[in-house]
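Undergrad:
Number of protein chains: 4
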Amino acid sequence: MQTRIGCVAICLFMLATRMALLSANQASSQNVGEDAVNGEWLVTRDVYGNPLYQKLILKLENGKLTGSLAEDKLEGTLQGRTLHFIARDADNNTSEFTGVLSNSVVEGNIVETNASDPSDRMETRMTATRAPKRQPGPPRRHEFTPTSFYRQFSASNKPVLEIAPGDTVHTTTVDAGGADEHGIRRVLGGNPETGPFYVLTAWPGDTLVVHLKRIRLNRDYAISDDAIVERALDNDMSVKMKDAGKSVRWYLDRERMVARSERPGDHLRSFTVPLRPMLGCVATAPGFASAPPPTGDSGHWGGNMDFNEIVEGVTVYLPVNQPGALLYVGDGHAAQGDGELNGDALETSMEVEFAVDIIPNKRIRTPRVESDSKIMTVGLGGSLEEALRAATRGMSEWLEQDYSLNPSEVAQVLGTSAQFNISEVADRNVGVAAKLSTQQLQPLKRR
Amino acid sequence: MQTRIGCVAICLFMLATRMALLSANQASSQNVGEDAVNGEWLVTRDVYGNPLYQKLILKLENGKLTGSLAEDKLEGTLQGRTLHFIARDADNNTSEFTGVLSNSVVEGNIVETNASDPSDRMETRMTATRAPKRQPGPPRRHEFTPTSFYRQFSASNKPVLEIAPGDTVHTTTVDAGGADEHGIRRVLGGNPETGPFYVLTAWPGDTLVVHLKRIRLNRDYAISDDAIVERALDNDMSVKMKDAGKSVRWYLDRERMVARSERPGDHLRSFTVPLRPMLGCVATAPGFASAPPPTGDSGHWGGNMDFNEIVEGVTVYLPVNQPGALLYVGDGHAAQGDGELNGDALETSMEVEFAVDIIPNKRIRTPRVESDSKIMTVGLGGSLEEALRAATRGMSEWLEQDYSLNPSEVAQVLGTSAQFNISEVADRNVGVAAKLSTQQLQPLKRR
Amino acid sequence: MQTRIGCVAICLFMLATRMALLSANQASSQNVGEDAVNGEWLVTRDVYGNPLYQKLILKLENGKLTGSLAEDKLEGTLQGRTLHFIARDADNNTSEFTGVLSNSVVEGNIVETNASDPSDRMETRMTATRAPKRQPGPPRRHEFTPTSFYRQFSASNKPVLEIAPGDTVHTTTVDAGGADEHGIRRVLGGNPETGPFYVLTAWPGDTLVVHLKRIRLNRDYAISDDAIVERALDNDMSVKMKDAGKSVRWYLDRERMVARSERPGDHLRSFTVPLRPMLGCVATAPGFASAPPPTGDSGHWGGNMDFNEIVEGVTVYLPVNQPGALLYVGDGHAAQGDGELNGDALETSMEVEFAVDIIPNKRIRTPRVESDSKIMTVGLGGSLEEALRAATRGMSEWLEQDYSLNPSEVAQVLGTSAQFNISEVADRNVGVAAKLSTQQLQPLKRR
Amino acid sequence: MQTRIGCVAICLFMLATRMALLSANQASSQNVGEDAVNGEWLVTRDVYGNPLYQKLILKLENGKLTGSLAEDKLEGTLQGRTLHFIARDADNNTSEFTGVLSNSVVEGNIVETNASDPSDRMETRMTATRAPKRQPGPPRRHEFTPTSFYRQFSASNKPVLEIAPGDTVHTTTVDAGGADEHGIRRVLGGNPETGPFYVLTAWPGDTLVVHLKRIRLNRDYAISDDAIVERALDNDMSVKMKDAGKSVRWYLDRERMVARSERPGDHLRSFTVPLRPMLGCVATAPGFASAPPPTGDSGHWGGNMDFNEIVEGVTVYLPVNQPGALLYVGDGHAAQGDGELNGDALETSMEVEFAVDIIPNKRIRTPRVESDSKIMTVGLGGSLEEALRAATRGMSEWLEQDYSLNPSEVAQVLGTSAQFNISEVADRNVGVAAKLSTQQLQPLKRR
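Residue numbers (the numbering used here), protein chains in the order written: chain A, 194 to 640; chain B, 194 to 640; chain C, 194 to 640; chain D, 194 to 640.
1) Within 10 angstroms of the Cβ of residue 452 of chain D, are there 16 or more other Cβ atoms? Answer buried if so, exposed if not.
2) For the candidate residues C/619, C/444 and C/276, whose alpha-carbon lies nearest to that of residue 533 of chain C?
3) Is the number of C-beta pairs between the region 354 to 365 of chain A and the region 293 to 313 of chain A that are closer than 8 Å three or more?
4) Could you name the residues of the region 590 to 604 of chain B whose beta carbon sits closer than 7 Å to any beta carbon of chain C, in the order they occur along the chain?
5) Which residue comes first and which comes last in the alpha helix (DSSP H) that contains residue 595 of chain D?
6) Measuring CB to CB, does residue 238 of chain C end up less than 7 Å from residue 245 of chain C?
7) Is there a Cβ of chain C sitting closer than 7 Å to that of residue 560 of chain B, yes or no?
8) So what's residue 392 of chain C in DSSP terms, helix, strand or just coil?
9) I believe residue 345 of chain C touches residue 484 of chain D by the beta-carbon criterion, under 8 Å. Please report the beta-carbon distance rounded to the nearest angstrom.
10) Select from D/232, D/440, D/431 and D/314 the residue whose C-alpha is nearest the C-alpha of residue 284 of chain C.
11) Please confirm whether residue 561 of chain D and residue 596 of chain D have their CB atoms less than 7 Å apart.
12) Count the C-beta pairs between the region 387 to 401 of chain A and the region 539 to 553 of chain D that are closer than 8 Å, then say yes if the count reaches three, no if not.
13) Please classify residue 255 of chain C as buried or exposed, where buried requires at least 16 other C-beta atoms within 10 Å of its C-beta.
14) Quick one, which of A/389, A/317, A/587 and A/339 has its alpha-carbon nearest residue 355 of chain A's?
15) When you compare the CB of residue 353 of chain C with every CB in chain A, is at least one pair closer than 7 Å?
16) Alpha carbon to alpha carbon, what distance is there between residue 282 of chain C and residue 491 of chain C?
17) Output needed for residue 291 of chain A: all residues of its chain with C-beta closer than 7 Å, excluding positions within five of it in sequence on either side, in chain order.
18) Output yes if chain C places a C-beta closer than 7 Å to the C-beta of residue 479 of chain D; else output no.
19) State yes or no: is the beta carbon of residue 199 of chain D nearer than 7 Å to at least one beta carbon in chain C?
20) Is there a Cβ from chain A that is less than 7 Å from the Cβ of residue 411 of chain B?
21) Alpha carbon to alpha carbon, how far is residue 518 of chain D from residue 404 of chain D?
22) Give the interface partners of residue 511 of chain B over in chain D, defined as CB-CB distance under 9 Å, in chain order.
23) Got a sec: is the Cβ-Cβ distance from residue 631 of chain A to anything in chain D below 7 Å?
24) Which bits of chain A does residue 578 of chain C rub up against, with CB to CB less than 8 Å?
Listed below in structure tokens is the structure:
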């Protein structure tokens with residue numbers, strides 16, 4: 194079977210369990226005030242051993258309880274401390290909650306029922322606490338020195354820092370093999386990440402905005418190799434490259450901003466590669482449905498995209514799938530050709546500074562990158578055709594959402610003006626990037 | 194960067210931490226006897242927070258210590274309780290251990306050094322205990338009633354049972370959505386698995402043999418749907434199928450061995466599907482390099498292959514990548530067309546009985562399936578071309594290993610006689626199965 | 194640009210110029226009787242040097258002229274011998290004819306105009322003669338000995354025989370290299386074909402039915418080789434197979450119906466391949482839009498499908514794209530594995546007998562094959578994914594057209610019951626075959 | 194079967210029959226002088242009705258005859274006017290000629306024999322005349338006004354002009370639909386081509402160099418549409434685009450060098466596309482093995498590559514497969530995005546000026562394009578993966594041939610520095626372009 198979660202369509206989210214949950218007091222006959230009820234709650238559910246996180250909005254007005262659980266509208270009652278509501282989705286599947294509210298904690302059971310098959314029901318334990326709140330005050334700049342590094346883009350990894358929209362983080366990343374700016378190995382390789390950063394007020398259905406203000410080299414060497422990945426080799430070249438694969442160490446000349454091989458072959462003695470530091474990985478934590486992907490993987494939530502336009506100065510937009518978004522950064526490359534043909538780029542540690550923002554209630558289905566001169570989408574999939582379709586779909590969605598274009602207009606803009614690069618063929622997913630010139634889009638009205 | 198573990202080539206394995214490790218006593222000046230040293234040890238290493246498991250063989254003879262760590266030969270000394278050895282791989286990369294032996298526990302540090310870059314070194318903590326031993330006696334039949342179900346093919350899941358080569362297990366599996374033979378949901382959906390079963394004496398580099406002696410229906414309905422997966426739809430059919438996707442419930446008539454839709458449309462009133470119960474998932478736990486894959490995924494270690502020839506009576510061969518192999522079974526289908534075009538097959542719970550065996554030191558790179566009439570390999574990859582190449586490579590390897598054929602002979606057998614089916618297009622990996630008739634191979638000499 | 198013919202949507206067809214066209218006499222003032230006008234005409238147009246063939250139906254009644262040109266309805270007048278009509282398609286594009294009728298020949302000019310851009314017009318010369326008629330009488334059996342063989346599936350090749358629906362042809366084919374049943378080379382290699390056979394009454398929009406009554410070996414050897422095609426080789430196998438490619442000659446034992454290599458390697462001394470004679474090529478001539486494809490190519494019109502189920506006893510259905518259908522047969526294989534992995538199958542000459550039929554006004558978009566036990570469609574495309582989609586679309590169309598299933602029902606039948614084989618990966622197009630059991634479809638109502 | 198020509202590996206070439214062949218006189222006993230024998234001859238062979246063209250070099254010295262036929266060395270004798278020689282390839286397959294030399298014509302029969310199967314022989318008629326010679330004098334500039342346009346990249350189309358290396362041609366092309374600079378339709382659509390131009394001294398095995406000196410717009414409109422090709426549409430977009438496909442006419446503002454839609458939708462009123470005139474087609478005639486491809490097709494010989502970097506100022510390198518190379522140009526685009534997503538680019542007529550050159554005995558397997566800033570190869574195939582492999586192989590070959598790099602060095606240059614664009618997805622073949630910066634290659638030694 195394809196992996197789905199179950200028969201009841203659930204839009205769920207998940208998060209590292211960071212909250213000490215207070216044990217609920219007994220329900221009393223005393224009524225609770227509207228202030229104690231109204232507002233946003235962060236729901237934690239135990240679904241057969243899997244933590245699921247959702248947004249709950251409650252509104253008590255004139256004794257009537259309304260609001261929403263995740264995407265679904267709810268209606269209910271509060272009698273004393275006993276809370277009861279039914280949430281309903283578009284297909285009339287229901288989630289019925291019964292529990293108590295006590296000391297800022299809601300606790301009880303929730304029963305989901307499949308509208309088209311009443312025998313198909315799932316009962317889970319639910320607790321909810323007040324969602325973490327953004328502190329008042331101006332944006333802050335966080336100096337963050339990482340001490341641990343994660344190897345899965347998981348919602349279960351404990352956030353290293355809570356940051357607010359508008360805040361800036363200055364930090365570092367280790368290289369793909371786990372070595373830091375001093376060449377000291379700090380963690381097992383495989384693109385270990387700095388983060389996750391919990392972005393306050395970010396809920397599933399929002400878009401996370403990451404302004405990459407600085408991506409700077411912080412050591413003078415990078416590691417790569419001299420193989421070519423299988424996907425780029427035909428039969429003849431497979432034979433020719435059969436003994437390839439030795440490690441190549443590059444000296445990073447940060448004054449002239451070029452790399453040169455430390456032990457070049459005869460014909461490459463004068464060959465240099467212009468440095469263009471980039472991040473191979475920028476990710477939010479994926480949603481509940483998938484098991485946490487390893488940090489070599491990618492998806493609509495970003496990840497190991499290995500796209501050489503993710504450089505200093507660009508803005509990356511990613512869908513938020515979990516409360517707090519849970520931003521990861523890592524896998525710095527001093528330079529990388531399209532496709533990352535060697536499997537490795539010029540792998541190195543990096544100094545990174547970024548600011549974050551949230552666009553509430555804006556859903557995007559494809560990672561977006563914006564520079565001064567281009568808007569770009571990164572399509573990812575198991576084959577280049579699949580990646581091309583994802584990149585095209587993503588750019589089409591961008592033109593619809595932000596420029597109000599209809600399908601015919603989208604086709605005219607893409608056909609005449611889009612650029613398509615093969616961003617990556619080195620990992621399980623391959624990537625195709627669609628690019629449009631911002632100058633050419635200038636005359637269009639952007640929302 | 195592509196995800197690799199690090200610069201030192203390591204053949205490692207991983208396992209749920211099931212052993213209470215005794216704290217090592219202080220090294221004394223008193224010498225340890227050969228019996229206390231010689232034999233197989235199960236190594237657990239903490240690699241920057243990731244558990245790694247390896248096989249250690251020690252042989253103390255005339256005061257000289259030899260043996261192997263994983264694939265690498267080692268030489269060393271034992272002075273009192275102080276153990277020191279250096280293991281070396283083919284490229285002269287070294288792993289140097291220093292520690293103590295005490296009360297059947299070896300404990301200390303291991304330093305790996307890259308031969309071509311001495312600055313590239315990794316130090317990890319290592320402990321080793323005696324490998325679990327097979328009990329003497331005839332093969333046993335285990336009656337196993339599962340109470341928990343896993344949703345990752347992980348080496349970190351606690352084995353539910355230790356079994357020996359030759360043993361038989363009789364058990365059940367829940368359906369892909371998590372419901373059992375009574376239709377009770379027991380776990381979140383997504384192909385929850387029965388297992389893992391720890392197979393004694395199985396080490397990485399061996400092949401696990403799984404004889405599927407019974408795969409029987411144990412309830413009278415299955416769940417499927419009426420969509421067609423994206424990979425099988427061209428533009429016209431995408432438009433035509435745009436509203437598809439409703440759940441379809443099938444009645445399983447176990448007497449006549451056919452399924453019929455419980456609410457068929459007008460034209461399918463008399464349409465029945467012959468029942469051919471199969472397992473969508475048979476897997477060993479993958480090796481250390483990859484993060485544990487979700488139970489919808491697949492690879493050279495098997496997994497969610499959704500191959501409709503994995504029926505009662507066949508034998509499945511899978512590579513062992515972790516000590517104990519860690520066998521998982523699940524995702525029963527009452528029947529399935531090639532490709533599993535609906536995304537779901539006829540998903541149902543199942544009664545399963547299997548016997549296991551181990552072929553020591555035989556490495557296979559592709560799942561193999563053997564029936565009375567066919568030998569089959571399952572190629573898996575991101576595109577059908579990739580899967581075809583994997584299936585062809587796997588069958589070629591089988592003909593080389595077991596029938597001693599050279600490349601020219603392999604080509605002649607495959608070109609004239611192989612059958613290729615598209616086994617699955619519903620998951621992230623697609624599958625292609627290569628099949629050869631055992632009758633046709635009869636005249637060939639099988640090793 | 195993608196190749197299209199022009200801005201005016203034209204449904205055109207093309208044919209070998211077989212008719213001596215009488216020069217039209219001058220138009221006289223004398224009126225022409227209805228009999229001289231009414232009925233089917235075969236149109237030949239000279240479109241900038243390219244011959245185009247269309248069906249013209251004229252009906253003169255009470256002085257009013259109606260009918261159709263290709264797909265488009267026409268209205269017009271006949272004044273004396275002067276014929277004038279305007280045909281109109283669904284988008285209101287028009288084709289206006291002015292000319293004369295004389296001695297069973299219509300001759301004049303036709304002007305096509307683009308409704309959305311009146312400046313876009315195309316004027317061509319048109320002549321029409323009476324369509325060749327089927328002779329009365331019972332079906333005939335033609336004994337046909339080929340003397341020439343074609344290497345393009347072209348509508349411009351002169352038909353070797355005119356046959357009627359119901360007729361049977363008994364003939365032979367040379368092998369893919371051009372050698373006949375005596376091993377004499379008769380033509381340059383590359384799948385030279387027997388045919389084309391002109392099937393009377395076949396018009397574009399019909400379906401040609403080919404019953405393959407006999408496909409028999411007529412010599413005792415076949416030629417193949419020991420390579421594996423690039424598409425089926427991964428990097429490792431590319432290296433392993435780098436010196437492959439030598440010719441392999443197989444002895445065809447027609448008594449025991451097995452093939453054995455004439456000079457087998459050590460391990461294949463007793464290896465035999467069951468003979469299952471098949472035709473690699475069955476084709477109708479494609480339509481006007483494409484340049485005539487070489488006989489190694491394939492498409493919705495069939496061609497070099499190399500599908501090992503096209504054996505004696507099956508029926509092949511192909512779309513008619515040209516007047517007379519223009520049927521080609523060739524490329525006999527004594528046996529072939531799925532995919533034709535060696536590039537060559539067991540290539541040999543063949544004795545062939547087939548009967549033809551026409552299903553008027555039935556359009557199919559995919560080659561269909563029907564045996565006693567299975568209905569099958571052959572999807573063809575540049576990648577296996579594309580071929581899978583074509584096979585699925587084709588089978589879906591079959592279930593809709595012949596079994597009245599709706600999309601949801603189609604999905605349920607395919608998902609539970611379809612078999613998908615990789616029919617071919619050796620040519621420019623690859624093929625995937627979808628198969629359904631006729632026994633399983635038995636309860637369904639077939640139109 | 195895959196289409197091959199026959200069992201004897203033949204490197205053949207083909208050409209429009211432009212030479213009046215004199216009938217050979219009877220052989221006399223009188224000996225022929227060395228001048229009458231020595232030098233290059235253009236061979237025409239009739240291979241079962243297919244014209245084949247080859248280069249023959251004869252050298253008579255001291256009564257001994259040596260030389261070559263196509264790639265194979267020959268040895269023979271001349272007795273009176275009777276010529277006899279045997280040419281032999283690397284596998285010892287032989288071609289034995291017997292005939293007479295008379296009045297500058299060689300005529301006789303040639304018998305090819307398969308070394309590994311002597312029964313496999315092919316006899317063909319052969320005539321040879323003196324190869325056309327380049328006239329002495331400086332390079333010329335040809336003003337050429339096309340009157341006919343071809344729709345196949347065929348060696349059988351009569352050359353429109355003979356030109357010499359160094360010569361320049363100034364001409365025009367019609368648009369993809371067949372309309373010229375006055376908007377008059379001149380030929381059926383489908384990328385009708387100007388040419389073929391016969392380049393004197395060009396033989397198979399050489400490389401043709403085409404300097405594109407001018408590619409200028411010569412009318413003020415272009416035709417395109419608002420569809421997106423199937424390959425770029427996922428299921429959702431297929432539904433969204435289901436009604437697309439209407440023609441879009443663009444005004445070409447040649448002063449400001451931008452295009453704007455003549456009837457833009459609301460949101461594209463101010464949208465303009467920068468003009469960047471290019472040629473969709475540049476081709477040499479393919480070799481003998483393939484049937485002449487339609488002008489919508491492409492291959493290692495170039496063709497309908499639809500690559501938007503083939504603009505004024507670049508140099509295109511193509512393999513010569515036929516005597517005279519037979520250069521075609523056509524399918525001008527005023528502008529085109531990567532991939533030609535609409536199927537049509539901004540299709541228009543064009544003024545074109547190019548100079549040609551020949552690099553003798555240099556074989557390339559992939560079209561190459563060189564601009565001031567980049568070297569580029571165009572990989573073409575049935576899937577993007579296949580095209581990527583072809584582009585990579587082509588660029589690798591370029592770096593080996595012209596920069597002497599070994600495989601390890603090639604990998605380092607490509608991995609760090611190559612750019613990969615999806616050049617086209619609109620035709621049967623898709624294209625991927627590999628690009629390297631000439632500035633970065635500057636320090637490398639170019640042969």
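Idealized CB from N, CA, C, for every residue including glycine.
TA: In brief:
1) buried
2) C/619
3) no
4) 596, 597, 598, 599, 600, 601, 602 and 604
5) 577 to 596
6) yes
7) no
8) strand
9) 5 Å
10) D/440
11) no
12) no
13) exposed
14) A/389
15) no
16) 30 Å
17) 277, 301 and 302
18) no
19) Because residue 199 of chain D sits at a pLDDT of 38, beneath the cut-off of 50, its placement in the model cannot be relied upon, and the point is left open.
20) no
21) 15 Å
22) What residue 511 of chain B touches in chain D: nothing, since even the nearest Cβ is about 28 Å away.
23) no
24) 576 and 578
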